[in-house]
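Novice:
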Amino acid sequence: MTTHGTQPISIFDPLIMKPALVEALKKLSPRTLWRNPVMFCVEIASFITLITFIMSLTGKSPEPTWFTGMVSLWLWLTVLFSTFAEALAEGRGKARAASLRKTRTEVKVKRLKKPEFGSDFEMVSGNLLRKDDQILVEAHELIAGDGEVIAGAALVNEAAVTGESAPVVRESGGDRSAVTGGTTVIANSIIVRITANPGETFLDRMISLIEGAKRRKTPNEIALEVLLIALTFVFLLVCANMSPLSIYSVKAAGHGQPVSLTILVALFVCLAPTTIAALLPAIGIAGMDRLFQKNVIALSGRAIEAAGDVNVLLLDKTGTITLGNREAVAFVPVGSHTEQELAEAALMASLTDETPEGRSIVVLAKQKYGLRAGTLPTYAENVPFSADTRLSGVNVGGKRYRKGASDSVIAFVRETGGKVNPDGLETIVENIARAGATPLVVCIDAEIFGVVNLKDIVKGGIQERFAQLRSMGIKTVMITGDNPLTAAAIAAEAQVDDFLSQAKPEDKLRLIRENQQAGYMVAMTGDGTNDAPALAQADVAVAMNTGTQPAREAANIIDLDSNPTKLLDIVEIGKQILMTRGNLTTFSISNDIAKYFAIIPAALISIYPQLGALNVMRLESPFSAILSAVIFNAVIIPMLVPLALKGTKFRPLPAEKLLIYNLLIYGVGGIIVPFIGIKGIDLLVGMFV
Numbered sequence: 011m012t013t014h015g016t017q018p019i020s021i022f023d024p025l026i027m028k029p030a031l032v033e034a035l036k037k038l039s040p041r042t043l044w045r046n047p048v049m050f051c052v053e054i055a056s057f058i059t060l061i062t063f064i065m066s067l068t069g070k071s072p073e074p075t076w077f078t079g080m081v082s083l084w085l086w087l088t089v090l091f092s093t094f095a096e097a098l099a100e101g102r103g104k105a106r107a108a109s110l111r112k113t114r115t116e117v118k119v120k121r122l123k124k125p126e127f128g129s130d131f132e133m134v135s136g137n138l139l140r141k142d143d144q145i146l147v148e149a150h151e152l153i154a155g156d157g158e159v160i161a162g163a164a165l166v167n168e169a170a171v172t173g174e175s176a177p178v179v180r181e182s183g184g185d186r187s188a189v190t191g192g193t194t195v196i197a198n199s200i201i202v203r204i205t206a207n208p209g210e211t212f213l214d215r216m217i218s219l220i221e222g223a224k225r226r227k228t229p230n231e232i233a234l235e236v237l238l239i240a241l242t243f244v245f246l247l248v249c250a251n252m253s254p255l256s257i258y259s260v261k262a263a264g265h266g267q268p269v270s271l272t273i274l275v276a277l278f279v280c281l282a283p284t285t286i287a288a289l290l291p292a293i294g295i296a297g298m299d300r301l302f303q304k305n306v307i308a309l310s311g312r313a314i315e316a317a318g319d320v321n322v323l324l325l326d327k328t329g330t331i332t333l334g335n336r337e338a339v340a341f342v343p344v345g346s347h348t349e350q351e352l353a354e355a356a357l358m359a360s361l362t363d364e365t366p367e368g369r370s371i372v373v374l375a376k377q378k379y380g381l382r383a384g385t386l387p388t389y390a391e392n393v394p395f396s397a398d399t400r401l402s403g404v405n406v407g408g409k410r411y412r413k414g415a416s417d418s419v420i421a422f423v424r425e426t427g428g429k430v431n432p433d434g435l436e437t438i439v440e441n442i443a444r445a446g447a448t449p450l451v452v453c454i455d456a457e458i459f460g461v462v463n464l465k466d467i468v469k470g471g472i473q474e475r476f477a478q479l480r481s482m483g484i485k486t487v488m489i490t491g492d493n494p495l496t497a498a499a500i501a502a503e504a505q506v507d508d509f510l511s512q513a514k515p516e517d518k519l520r521l522i523r524e525n526q527q528a529g530y531m532v533a534m535t536g537d538g539t540n541d542a543p544a545l546a547q548a549d550v551a552v553a554m555n556t557g558t559q560p561a562r563e564a565a566n567i568i569d570l571d572s573n574p575t576k577l578l579d580i581v582e583i584g585k586q587i588l589m590t591r592g593n594l595t596t597f598s599i600s601n602d603i604a605k606y607f608a609i610i611p612a613a614l615i616s617i618y619p620q621l622g623a624l625n626v627m628r629l630e631s632p633f634s635a636i637l638s639a640v641i642f643n644a645v646i647i648p649m650l651v652p653l654a655l656k657g658t659k660f661r662p663l664p665a666e667k668l669l670i671y672n673l674l675i676y677g678v679g680g681i682i683v684p685f686i687g688i689k690g691i692d693l694l695v696g697m698f699v
């Protein structure tokens with residue numbers, strides 16, 4: 011199967027071109043085309059010229075038959091090129107959706123009869139599963155639906171969905187519990203609670219979104235469409251008034267011919283912003299497709315465009331700025347305790363901790379002192395980590411083993427009446443934090459034993475990415491649960507603009523709201539349940555596919571690769587869509603200048619011979635001038651289709667420099683190209699007329 015995320019589909023693929031042509035013809039239906047008002051007006055104009063062509067065959071038209079026939083043909087091609095551009099963009103999405111459908115296989119699944127007994131199950135068809143059903147999935151079996159791992163851990167192959175060949179671990183608890191229907195368990199077994207009914211799965215949503223069935227016009231697109239309609243209406247009034255004006259002028263001058271209906275229609279179509287109107291739908295659809303090539307699913311076009319306007323980026327430290335999976339590298343005891351005593355206490359506090367950090371503590375204790383994790387008695391009580399307490403551990407044998415942030419452990423010890431600041435603790439914590447590592451304080455009941463040093467590593471090249479964002483006027487803010495000293499050290503090394511330390515869910519939410527109230531567009535990435543409130547508040551919310559169900563439901567963009575740095579790519583693609591739309595709009599409107607010099611002198615020269623001075627291109631005749639402008643107006647659309655689908659190249663420049671650059675390229679280019687194009691076409695037309 012061709013993976014959809016890593017292998018771009020060519021727009022010239024015959025498997026896409028042929029269906030797109032058929033779909034383009036279907037889109038010529040007025041019932042469909044009215045959604046694009048500018049091109050709908052062009053279609054009406056095409057009908058009018060078709061009628062004038064039929065009239066010319068009977069000798070009832072003032073223009074030559076070849077002229078009205080060619081104008082009518084090229085106006086119809088103008089509309090067809092518009093629908094073809096949209097159909098081509100949709101075709102790539104449908105091709106990707108078809109590859110996703112191949113991942114669907116009807117299977118028999120093991121649905122648990124009694125959830126508390128994992129071995130008591132019944133075999134049922136996968137399409138009978140409903141939300142909250144629990145299924146047992148063993149090695150080499152397909153996961154039949156979206157769900158959350160509630161027991162066990164397994165290696166899962168997600169290539170069918172993400173296109174990535176490397177298997178990943180999915181396990182109960184933490185932020186890597188979500189599984190997607192259509193993926194396969196490679197090793198071990200898990201119990202999965204189904205979180206979506208048939209037809210509502212993540213795969214179903216992906217297919218629907220990729221096909222564009224639920225695509226809605228974004229506010230920016232609607233605003234641009236209103237501008238295009240307004241310009242079209244203005245040109246319609248101008249052309250409508252030219253007919254009585256020309257009739258009056260003929261009577262006053264006593265010579266010449268009034269402007270004919272065919273010429274008025276040609277003038278209207280050439281002056282209306284047909285180029286951008288034809289490419290506008292394709293730009294939006296292609297933007298979602300480009301994002302999907304990076305294994306990112308946008309749940310709405312609005313989210314992508316909002317990414318293009320982002321001013322503030324909130325990024326988790328772990329996994330985004332640092333490599334993640336912090337590792338324990340040293341045990342630093344305090345007071346009279348030895349390093350081995352601290353290792354034993356840290357090992358006990360980590361026995362039920364399934365996070366990479368917790369496991370690394372167990373590994374370090376084994377490597378340094380040969381300590382092994384035993385089996386906890388059944389009466390042992392697990393104390394999971396929470397964003398509020400920022401502690402974790404176990405209660406066993408009448409003792410409470412805890413590890414966590416220094417202030418949280420000190421508060422815990424203070425509550426039990428213990429010594430809250432043993433000699434050297436503050437200095438050790440500060441030194442570890444200043445080095446950019448994370449100090450994890452360990453205690454048993456009311457006594458602090460020491461500090462575990464968890465080392466963080468900043469990702470290579472991340473500083474350059476932040477420098478690019480800074481040059482675009484985007485502020486980067488690192489979000490972390492670390493203490494201020496550790497956060498400051500990592501922030502300085504990564505070169506972010508600001509940071510929020512010891513962040514709780516309400517702190518993230520407050521920070522987003524403050525920036526939004528200040529008029530900024532805020533983007534955030536997250537994967538945990540505690541990120542859900544902030545994700546729901548952010549303008550652009552990117553959830554990891556491996557994250558929890560609440561996080562995925564709160565987001566408007568899903569990263570299939572679960573790579574938090576994709577947020578930077580999403581911002582770039584969002585800006586690229588806005589730039590492409592703006593550049594092609596500038597080019598389209600600039601085109602009109604050349605058309606003024608081609609059509610207006612040709613339309614009125616019989617009445618006002620002085621207008622011949624405006625024929626700066628020295629076009630062959632009035633008829634060839636008008637036809638050349640109409641042909642150029644049509645052929646420029648398919649010529650710009652690759653640019654609309656690929657997008658203009660993103661340049662991380664300040665807004666004012668970017669504006670000047672694009673005006674020079676697309677503004678000046680939009681003036682020069684039509685002069686060259688219309689003159690060239692006129693030379694060809696002159697050879698056959």
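Residue numbers for the sequence shown, in the numbering used here: 11 to 699.
Here a beta-carbon is modelled for each residue, glycine too, at the ideal position from N, C-alpha and C.
Looking only at its own chain, which residues have a Cβ that is under 8 Å from the Cβ of Phe127, when we skip the five neighbours before and after it?
Specialist: Only weak support exists for where Phe127 lies, its pLDDT of 48 falling under 50; the coordinates are left without a value.
Novice: My output table needs one value for Tyr709: the three-state DSSP class, helix, strand or coil.
Specialist: The requested residue 709 is not part of the displayed model; the chain covers only 11 to 699.
Novice: So Ile681 and Ser600 are supposed to be a Cβ contact under 8 Å. How far apart are they, rounded?
Specialist: At roughly 5 Å, the Cβ-Cβ gap stays under 8 Å, so Ile681 and Ser600 are in contact.
Novice: At the level of alpha carbons, what is the spacing between Leu495 and Arg562?
Specialist: When rounded, the distance between both Cα atoms is 32 Å.
Novice: Which residue wins for smallest C-alpha separation from Arg412, given the options Ala355, Ser598, Val645?
Specialist: Among Ala355, Ser598, Val645, the Cα nearest to that of Arg412 belongs to Ala355.
Novice: What are the boundary residues of the beta strand (DSSP E) that Pro449 is part of?
Specialist: Note, Pro449: beta strand (DSSP E), 448 to 454.
Novice: Spatial neighbours of Pro177 within its chain, please: CB distance less than 7 Å, with the 5 preceding and 5 following residues excluded, ordered by chain position.
Specialist: Same-chain partners within the cutoff: Leu165, Val166, Asn167, Ile196.
Novice: Can you tell me whether Asn493 is buried or exposed? The criterion is at least 16 other CB atoms within 10 Å of its CB, across all chains shown.
Specialist: Burial call: buried.
Novice: Val704 to Gly584, Cα distance in whole Å?
Specialist: What the structure shows of the chain is the stretch from 11 to 699, and residue 704 is not part of that stretch, so it cannot be assessed.
Novice: Which residue or residues does DSSP assign as beta-bridge partners of Arg121?
Specialist: According to DSSP, which records beta bridges pairwise, Arg121 is partnered with Glu132, Ile145.
Novice: Are the CB atoms of Asn137 and Pro24 nearer to each other than 7 Å?
Specialist: For Asn137 and Pro24, no; Cβs fall outside 7 Å.
Novice: What do you reckon, are the CB atoms on Thr486 and Val506 nearer than 7 Å?
Specialist: Closer than 7 Å, so yes.
Novice: Below 7 Å between beta carbons: does that hold for Gly696 and Glu630?
Specialist: Closer than 7 Å, so yes.
Novice: To the nearest angstrom, how far is the alpha carbon of Ile307 from that of Asp579?
Specialist: Each residue's Cα considered, the two are about 13 Å apart.
Novice: Can you tell me whether Leu361 is buried or exposed, with buried defined as 16 or more other CB within 10 angstroms of its CB?
Specialist: Classification of Leu361: buried, given that the 10 Å Cβ count is 16 or more.
Novice: Quick check on the DSSP output: the alpha helix (DSSP H) that includes Ile54 runs from which residue to which?
Specialist: Its alpha helix (DSSP H) spans residues 47 to 67.
Novice: Is it buried or exposed, Phe395, if we count other Cβ atoms within 10 angstroms and call 16 or more buried?
Specialist: Under this definition Phe395 is a buried residue.
Novice: With DSSP as the reference, label Arg412 as helix, strand or coil.
Specialist: In this structure, Arg412 counts as strand in the three-state DSSP scheme.
Novice: Report all residues from its chain with a CB closer than 7 Å to the CB of Pro684; omit the five preceding and five following residues, and keep chain order.
Specialist: If we look at Pro684 and ignore the five residues flanking it on each side, its Cβ neighbours are Asn601, Ala604, Lys605, Phe642.
Novice: Cα-Cα, which of Trp44, Gly483, Ile200, Ile467 is closest to Leu663?
Specialist: Leu663 has its Cα closest to that of Gly483, out of Trp44, Gly483, Ile200, Ile467.
Novice: What do you reckon, are the CB atoms on Val269 and Met252 nearer than 7 Å?
Specialist: Contact flag set, yes.
Novice: Mind pulling the alpha helix (DSSP H) runs of 4 or more residues that sit fully within the stretch 453 to 533?
Specialist: List check, alpha helix (DSSP H) in window: 472 to 481, 494 to 504, 515 to 527.
Novice: Among Thr194, Lys141, Ala97, whose alpha-carbon lies nearest the alpha-carbon of Ala149?
Specialist: Nearest of Thr194, Lys141, Ala97 to Ala149, Cα basis: Thr194.
Novice: Is DSSP giving Leu309 helix, strand or coil here?
Specialist: Residue state, collapsed to three classes: coil.
Novice: For Ala565, which three-state DSSP category applies?
Specialist: Ala565: coil per DSSP, three-state reduction.
Novice: Using C-beta distances below 7 Å, list every residue in its chain close to Ala551, excluding the 5 sequence neighbours before and after it, in chain order.
Specialist: Excluding sequence neighbours, Ala551 sits near Met534, Leu545, Ala564, Ala565, Asn566, Ile567.
Novice: Excluding sequence positions up to five away, which residues of its chain have a Cβ less than 6 Å from the Cβ of Met133?
Specialist: Excluding sequence neighbours, Met133 sits near Lys118.
Novice: If I measure Cβ to Cβ from Ala296 and keep anything under 8 Å in the same chain, skipping five residues before and after, which residues do I get?
Specialist: Result list for Ala296: Ala99, Arg102, Ala654, Leu655, Lys656, Gly657, in chain order.
Novice: Name the one or two DSSP bridge partners that Ser402 has.
Specialist: Ser402 pairs with Lys413.
Novice: So, is Tyr676 buried or exposed, given that buried needs 16 or more other C-beta atoms within 10 angstroms?
Specialist: Answer is buried; the Cβ neighbour count reaches 16.
Novice: Report all residues from its chain with a CB closer than 8 Å to the CB of Ala292; omit the five preceding and five following residues, and keep chain order.
Specialist: Correct list, in chain order: Ala95, Glu96, Leu98, Ala99, Val651, Ala654, Leu655.
Novice: What is the C-beta distance between Met649 and Ala287, in whole angstroms, given that I count them as a contact (C-beta under 8 Å)?
Specialist: Rounded, the Cβ-Cβ distance is 16 Å, inconsistent with contact.
Novice: Run the CB neighbour count on Phe476, radius 10 Å, all protein chains shown included, and call it buried at 16 or more, exposed below.
Specialist: When all chains shown are included, Phe476 counts as buried.
Novice: Counting beta carbon pairs with one atom in the stretch 308 to 325 and one in the stretch 60 to 69, are three or more of them shorter than 8 Å?
Specialist: Touching, no, given that fewer than three Cβ pairs across the two stretches are closer than 8 Å.
Novice: If we ignore side chains and look at the alpha-carbon of each, how far apart do Leu673 and Lys667 end up?
Specialist: Looking at the two C-alpha atoms, the distance is approximately 10 Å.
Novice: With which residues is Pro343 paired in a DSSP beta bridge?
Specialist: Answer is Gly460, bridged to Pro343.
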